[in-house]
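Novice: The sequence shown begins at 54 in this note's numbering and counts up one residue at a time.
Backbone N, C-alpha and C define an ideal beta-carbon position, used for all residues, glycine too.
Here's a structure for you.
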Amino acid sequence: MGVPSISVSITVYNLEKYVEKCIVSILNQEFTDFELIIIDDGSTDQSSNICKYYEKLDERITYIYQPNQGVSAARNRALEASTGKYILMADGDDQLEITMLAKLFILCESNNADISTCMNYLVDEKNQILGTPIIGKKVYSMNNEEALFKMYSGKLTGFGLCNKLYRRELLKEVRFPIGRKFEDAAIQYRLMQQANKVVFTEERLYLYVIHSESMTRKKLAKYSEKRLDIIKNFEEAIEFLKQNNTSEYVLDIITADYYKSLRWLAIDIMKENKDVQKKSLEIVTQQIISWKNLFLNNPYISKKETYLIYFWSRLPRITLAVYHIRNQFVLNS
């Protein structure tokens, strides 16, 4: 097999209930010029046997086992093994629509784009679509700064990697930080910043499978001190983009998103016991104090929020109690 057009990689850890559907959805793609790299991150269930079985069936598959080191290490290993012109990184419990590779590949090639991205479906374990998603067909082309702005303002397809196709060169010098939560967000800004052009289709081509063991649900289920990793992610992103002469309006929207993330983080911390609250709230409040001037002068943060920021930096417990009460009112209304 020569150099493939696309390297698809999946990371697997104890996904015996889901990994077969994932593999089959990739092997059934209309687009066939790809390799599939499977990184088994130390599975102790039947995942390994399932992956080995498919490796024997299809020469496009390379199966690599490594002792459990976490998703970042697994993705880094996949990047080292990938040889394709483009790279797509999926989760081993998700699935691809049959046209996903073809459509993202054509978007990159026909638009001379470095990244193409699509919308996704949220589905349950029976592949039933959750919610009532809007189905669109429009395609948007943007430069790197427009893409960064839309991503941090919530108008693009988020920080996740799985619904994006990347030109290989973007990832040559980029690796996932080991042990970091929200590892996607820790590198996504670098990839967007390096891209000449990003193309986005409204079509829903990736299936995020929500189940009791999924990382997506675990990330949202309860507070963990690892969620404080968002601080490092935002600080690194803003510093990197400043060094690369990113426009002020992009830095402003990222800074505004950082404030919103700290606010929601604090609200979740308030639900925990006093020991957790004390330590974590001190860290978050220190960030509010350090970034106060940038938050107060940010055009994307409302006047009402700036008052709360001002009081937060002086009376954190009272201000956070107001946030908590307001949030409960919104949820119950």
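#1: Considering Thr358, what are the terminal residues of the alpha helix (DSSP H) in which it resides?
#2: Let me confirm a value: Asp389 is counted as buried when at least 16 other C-beta atoms fall within 10 Å, else exposed. Which label applies?
#3: Between which two residues does the alpha helix (DSSP H) harbouring Lys331 extend?
#4: Can you check DSSP and say which residues form a bridge with Glu88?
#5: Three-state secondary structure (DSSP) at Phe235?
#6: Going by alpha carbons, who is nearest to Asn387 out of Glu278, Ile322, Ser58, Arg257?
#7: Between Pro230 and Ala238, is the Cβ-Cβ spacing less than 8 Å?
#8: I need the straight-line Cα distance from Thr152 to Leu89, nearest angstrom please.
#9: I'd like to confirm the pairing. Which residues does DSSP put opposite Leu68 in its beta bridges?
#10: Please work out which residues of its chain come closer than 6 Å, Cβ to Cβ, to Tyr71, disregarding the five sequence neighbours upstream and downstream, and give them in chain order.
#11: Given Arg221, which residues of its chain have a CB within under 7 Å of its CB, disregarding the five upstream and five downstream residues?
#12: Hey, out of Pro369, Ser355, Ala127, whose CA is closest to Gln330's CA?
#13: Could you tell me which of Leu214, Thr359, Val375, Pro352 sits nearest to Ser125, measuring between CA atoms?
#14: Taking the beta carbon of Lys234 as the centre, do at least 16 other beta carbons fall within 10 Å, making it buried, or is it exposed?
#15: Going by the DSSP bridge assignment, what does Asn173 pair with across the sheet?
#16: Quick check on the DSSP output: the beta strand (DSSP E) that includes Met142 runs from which residue to which?
#17: Below 7 Å CB to CB, which residues in the same chain sit around Glu236 once its five sequence neighbours on both sides are set aside?
#18: Please name the residue or residues paired with Asp321 in a DSSP beta bridge.
#19: Beta-carbon separation of Gln241 and Leu149 under 8 Å?
#20: Compare the C-alpha of Asn67 against each of Glu288, Ser96, Tyr116 and name the closest.
#21: Between the beta-carbon of Ser62 and the beta-carbon of Ala131, is there less than 8 Å?
#22: According to DSSP, is Leu273 part of a helix, a strand, or is it coil?
#23: With distance defined between alpha-carbon atoms, name the residue in Met195, Ile320, Leu347 nearest to Asn164.
#24: Can you check DSSP and say which residues form a bridge with Lys179?
#25: How would you label Tyr107, buried or exposed, when you count the other beta carbons within 10 angstroms and need 16 or more for buried?
#26: Given Ser366, which residues of its chain have a CB within under 7 Å of its CB, disregarding the five upstream and five downstream residues?
#27: To the nearest angstrom, report how far apart Glu335 and Met323 are at their CA atoms.
#28: With a Cβ-Cβ cutoff of 8 Å, do Ile91 and Val65 count as a contact?
#29: Just verifying my parser: in three-state terms, what is the DSSP assignment at Gln296?
#30: Is Ile283 near Ser314, with beta carbons less than 8 Å apart?
#31: Pull up the distance between the alpha-carbon of Val77 and that of Gln119, whole angstroms please.
#32: To the nearest angstrom, how far is the alpha carbon of Ser169 from that of Asp328?
#33: With a Cβ-Cβ cutoff of 8 Å, do Asp98 and Glu133 count as a contact?
#34: Using alpha carbons as the reference points, say which of Leu318, Ile117, Lys191 lies closest to Glu47.
#35: Quick one: is Val375 buried, meaning 16 or more other Cβ sit within 10 Å of its Cβ, or exposed?
#36: Would you tell me roughly how many angstroms separate the C-alpha atoms of Leu110 and Tyr116, rounded to the nearest one?
Specialist: So, from the data block:
#1: The question names Thr, but residue 358 in the sequence shown is Glu. Counting along the chain, the alpha helix (DSSP H) containing Glu358 begins and ends at 356 to 365.
#2: One cannot answer for residue 389 here, as it falls past the ends of the chain, which runs 54 to 386.
#3: 327 to 349
#4: Ser60
#5: coil
#6: Any question about residue 387 goes unanswered here, given that the chain covers just 54 to 386.
#7: no
#8: 16 Å
#9: For Leu68, which the question treats as bridged, DSSP gives no partner whatsoever.
#10: Asp146
#11: Gly137, Lys138, Tyr139, Ile140
#12: Pro369
#13: Leu214
#14: buried
#15: Tyr259
#16: 139 to 144
#17: Val124, Ser125, Phe229, Pro230
#18: Asp321 is not bridged to any residue.
#19: no
#20: Ser96
#21: yes
#22: Confidence at Leu273 is low in this model, with a pLDDT of 48, below 50, so its placement is unreliable and no value can be given for it.
#23: Met195
#24: In DSSP, Lys179 forms no bridge with anything.
#25: buried
#26: Ile341, Ile342, Lys345
#27: 12 Å
#28: yes
#29: helix
#30: yes
#31: 22 Å
#32: 44 Å
#33: no
#34: For residue 47 there is no data in the structure shown, the boundaries of the chain being 54 and 386.
#35: exposed
#36: 12 Å
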